[in-house]
Amino acid sequence: MCFPQIRTSPELGRHLVASRNIDEGELILVDSPFVVGPRHFIPAVCCVGCCRKVDHSKTCRRCKWPICSNACQGLRGPASHEDECNILKTVLHACSYCPDHYLMALRCVMLQTQNPEMWRWIEEQFPFAERGKEG
Ligand SMILES: [Zn+2]
Ligand SMILES: [Zn+2]
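Quick note: the sequence shown uses this note's numbering, first residue 255, plus one each step.
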């Protein structure tokens, strides 16, 4: 695996620069998100497992955050709701103002333990991650 460098320039804006020569026809980018969660600024209640819009009639039995069903695939498996559930059950009331924003922030922070290689890459590429280390 090789990670491209992120650069900015007046004519290109923010862009990627390859870290090695690329063969013609070679697959150079598979884009997947660091984390997945509810969209900001959408005032809908979302399932914490799969982010589908729900009506809050079903909740996770442990943390009480909304779910689509107990069979939701996003509630189980690696990097799933299981890891965050223990934290969410302690902050349900504190996050009643805008819970979806806290959920995305929590999922980003949890990358430090769930995917340390990705977290190191983020720290190297994005200055906002470095600011947290100084304070
Ligand atoms: Zn779901
Ligand atoms: Zn839960």
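Think of the CB as a built atom: it goes at the ideal place given N, C-alpha and C, for glycine as much as any other residue.
1. So Cys314 and Val302 are in contact, right, with Cβ under 8 Å, and what is the actual spacing, rounded?
2. Would you tell me roughly how many angstroms separate the C-alpha atoms of Glu378 and Met364, rounded to the nearest one?
3. Roughly how many angstroms lie between the CA atoms of Tyr356 and Lys312, to the nearest whole one?
4. Report yes if the C-beta of Leu360 is less than 8 Å from at least one heavy atom of ligand 2; otherwise report no.
5. Out of Glu338, Glu336, Cys305, Pro287, state which residue places its alpha-carbon closest to the alpha-carbon of Ile409.
6. Could you tell me the distance, in whole angstroms, from the CA atom of Leu342 to the CA atom of Trp319?
7. Helix, strand or coil, according to DSSP, for Pro320 in the structure here?
So, from the listed chains and residues:
1. About 6 Å; that satisfies the 8 Å criterion.
2. About 17 Å.
3. Those two C-alpha atoms are separated by around 20 Å.
4. No, ligand 2 has no heavy atom inside 8 Å of this Cβ.
5. The structure shown does not extend to residue 409, since the chain is modelled only from 255 through 389, so no value can be given for it.
6. Using only the alpha carbons, I get a separation of about 8 Å.
7. When secondary structure is reduced to three states using DSSP, Pro320 falls in the strand class.
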